[in-house]
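Colleague: In my numbering, the protein residues as written are 124 to 466. Ideal Cβ positions, reconstructed from N, Cα and C, are used throughout, including at glycine.
#1: Whose C-beta lies closer than 6 Å to the C-beta of residue 322 among residues of the same chain, with five residues either side of it excluded?
#2: So, at 6 Å on beta carbons, what are the nonlocal neighbours of residue 325 in its own chain, with the 5 sequence-adjacent residues on each side left out?
#3: Among 139, 327 and 144, which one has its Cα closest to the Cα of residue 166?
#4: Touching or not, the region 271–288 and the region 229–243, by the rule of three or more beta carbon pairs under 8 Å?
#5: Using a Cβ-Cβ cutoff of less than 6 Å, which residues in the same chain neighbour residue 420 once the five nearest sequence positions on both sides are dropped?
#6: Residue 391 to residue 253, Cα distance in whole Å?
#7: Expressed to the nearest angstrom, what Euclidean distance is found between the alpha-carbon atoms of residue 331 and residue 307?
#8: How long is the line joining the alpha carbons of residue 327 and residue 365, rounded to whole angstroms?
#9: Quick check: the Cα distance between residue 182 and residue 154, rounded to an integer number of angstroms?
#10: Identify which residue in 411, 222 and 417 has its Cα closest to the Cα of residue 439.
#11: Just how far apart, CA to CA, sit residue 403 and residue 248?
#12: Return the CA-CA distance between residue 230 and residue 224, expressed in angstroms with no decimal places.
#13: Out of curiosity, what's the CA-to-CA distance linking residue 157 and residue 127?
#14: Pick out the complete alpha helix (DSSP H) segments inside the region 289–362, 4 residues or longer, and give them in chain order.
#15: For residue 381 versus residue 409, is the C-beta distance shorter than 9 Å?
#16: For residue 399, which of helix, strand or coil comes out of DSSP?
#17: Indicate the three-state DSSP secondary structure (helix, strand or coil) for residue 255 in the structure shown.
#18: Using 10 angstroms around the beta-carbon of residue 333, count the other beta-carbons present and answer buried if the total reaches 16, otherwise exposed.
#19: How many angstroms separate the CA atom of residue 278 from the CA atom of residue 214?
#20: Output needed for residue 414: all residues of its chain with C-beta closer than 6 Å, excluding positions within five of it in sequence on either side, in chain order.
#21: Taking DSSP's pairing of strands, which residues face residue 407 in a bridge?
#22: What does the alpha-carbon distance come out to for the pair residue 318 and residue 361?
#23: In terms of residues, what are the limits of the beta strand (DSSP E) holding residue 452?
#24: Near residue 341, which residues of its chain fall below 8 Å by C-beta distance, leaving aside the five closest residues on each side in sequence?
#25: Below 8 Å on the Cβ atoms is my guess for residue 159 versus residue 176; work out the distance and round it to an integer in Å.
#26: Taking 8 Å as the cut-off, does the CB of residue 354 come closer than this to any heavy atom belonging to the ligand FAD?
#27: By DSSP's criteria, residue 372 is part of a beta bridge. Which residues make up the other side?
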């Protein structure tokens, strides 16, 4: 056992070189907690490819392995598949394809391999989600848990793990509480770089929940592009928090749906300040049934004149534009710099 022994790629190379000359007796190797990185893993793969290698258990948790290392392991195991029965890779980062590369090995008839990507808590969450959707969540890029009476803390350990590479998370029409908002925000803040779409529509998020989520929106690693928060019981106060957060990190957001919330003209004025931000890249803005009147329409038109190049769709159905609101936006459509195609 060489767990947590401060071994690096150099030490790993020496170790593997020694075993490569006499590999037949070694059946278990635990190098967990050593910073082997991909270069160290490639050395281990040389041993795995040796036809005399009889490895049954290989533990490499928390070894700073990324996608390249996962691919190397998958390649080595394809070339010599018959012996290894347990491979532990918890605490590493598989990139976009690492999990699939190794999971595909399980489809080969003579593979007896048991893969371990997750710690106990995350694995429990993974099995819970698998029971709902019928698929391995680690291989999914879109997870729809709409209309399920789940507590968010049942899935947070999974969302926090680097092996979870979800791009889209849909929890609309679910019973989310303020505590759930806190748990979900904490989980996504610890693993923010993959998620590009979050849908919490028709939940009772409220202003308090929006305040909690603002820390995620401010996170520089946050890559959210689509935010769907229709009918989540927020008002101008919650809208202000949202806009403030995205004003500090506006460049990724391309779609925002706040339909069915009582934002009023004051809320829309806040949104207009975001649209004036030269870094704002919003392409789709949905504000149907948001209690917007003539004043709000004017604020939107003014913002779009000052930064007209990105927005292509604006949904204002179910609002009251007054005498001049429609004209304000109609005039805007005549502007050659305006990209709006649908109003």
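Modeller: Inspection of the coordinates gives the following:
#1: Taking the chain shown and counting its residues from 1, one reaches residue 322 at position 199. Excluding sequence neighbours, residue 322 sits near 293, 295 and 351.
#2: Reading the chain shown from its first residue, position 202 is the one you call residue 325. So the list reads 295, 296 and 354, once near-sequence residues are dropped.
#3: Working through the chain shown from its first residue, we reach residue 166 at position 43. Here the closest residue by C-alpha is 139.
#4: yes
#5: Translated into the one-based positions of the chain shown, residue 420 becomes position 297. 444, 448 and 451.
#6: On the chain shown, residue 391 is found 268 positions in, with the first residue counted as 1. On the chain shown, residue 253 is found 130 positions in, with the first residue counted as 1. C-alpha separation (whole angstroms): 40 Å.
#7: Here residue 331 is taken as the residue at index 208 of the chain shown, counted from 1. Here residue 307 is taken as the residue at index 184 of the chain shown, counted from 1. Approximately 14 Å, taken between the alpha carbons.
#8: Within the chain shown, residue 327 is the residue found at index 204, counting from 1. Within the chain shown, residue 365 is the residue found at index 242, counting from 1. If you take the alpha carbons of residue 327 and residue 365, they lie about 16 Å apart.
#9: Locating residue 182 in the chain shown gives position 59, counting from the first residue. Locating residue 154 in the chain shown gives position 31, counting from the first residue. The straight-line gap from Cα to Cα measures roughly 6 Å.
#10: Taking the chain shown and counting its residues from 1, the one referred to as residue 439 is at position 316. The shortest Cα separation from residue 439 among 411, 222 and 417 belongs to 411.
#11: Within the chain shown, residue 403 is the residue found at index 280, counting from 1. Within the chain shown, residue 248 is the residue found at index 125, counting from 1. The straight-line gap from Cα to Cα measures roughly 36 Å.
#12: What you label residue 230 is simply residue 107 of the chain shown in a count that begins at 1. What you label residue 224 is simply residue 101 of the chain shown in a count that begins at 1. For residue 230 and residue 224, the distance between alpha carbons rounds to 11 Å.
#13: Here residue 157 corresponds to residue number 34 of the chain shown, with the count starting at 1. Here residue 127 corresponds to residue number 4 of the chain shown, with the count starting at 1. Straight-line Cα distance between these residues: approximately 5 Å.
#14: 301–313 and 329–341
#15: For the purposes of this step, residue 381 is taken as residue 258 along the chain shown, with counting starting at 1. For the purposes of this step, residue 409 is taken as residue 286 along the chain shown, with counting starting at 1. For residue 381 and residue 409, yes; Cβs fall inside 9 Å.
#16: The sequence position of residue 399 within the chain shown is 276, counting from 1. Of the three classes helix, strand and coil, the one that applies to residue 399 here is helix, per DSSP.
#17: What you label residue 255 is simply residue 132 of the chain shown in a count that begins at 1. Three-state DSSP puts residue 255 in a helix.
#18: Residue mapping note: residue 333 aligns to position 210 of the chain shown, counting from 1. The residue in question, residue 333, is buried, as its Cβ has 16 or more Cβ neighbours within 10 Å.
#19: Start at 1 with the first residue of the chain shown, and residue 278 comes out as number 155. Start at 1 with the first residue of the chain shown, and residue 214 comes out as number 91. Approximately 17 Å between the Cα atoms of the pair.
#20: Within the chain shown, residue 414 is the residue found at index 291, counting from 1. The answer, listed in chain order, is 385 and 387.
#21: Position 284 of the chain shown holds residue 407. In DSSP, residue 407 forms a bridge with 378 and 436.
#22: Mapped onto the chain shown, residue 318 falls at position 195. Mapped onto the chain shown, residue 361 falls at position 238. Between the C-alpha atoms of residue 318 and residue 361 there is a straight-line separation of about 22 Å.
#23: Taking the chain shown and counting its residues from 1, the one referred to as residue 452 is at position 329. Per DSSP, residue 452 belongs to no beta strand (DSSP E); it is in the alpha helix (DSSP H), 448–456.
#24: As a working mapping, residue 341 is identified with position 218 in the chain shown. Excluding sequence neighbours, residue 341 sits near 368, 371 and 372.
#25: Walking along the chain shown from the start, residue 159 turns up at place 36. Walking along the chain shown from the start, residue 176 turns up at place 53. Their Cβ separation, rounded to whole angstroms, is 18 Å, which puts residue 159 and residue 176 out of contact at 8 Å.
#26: Absence of the ligand FAD is noted for the structure shown, with no ligands found whatsoever.
#27: One-based indexing of the chain shown puts residue 372 at position 249. According to DSSP, which records beta bridges pairwise, residue 372 is partnered with nothing at all.
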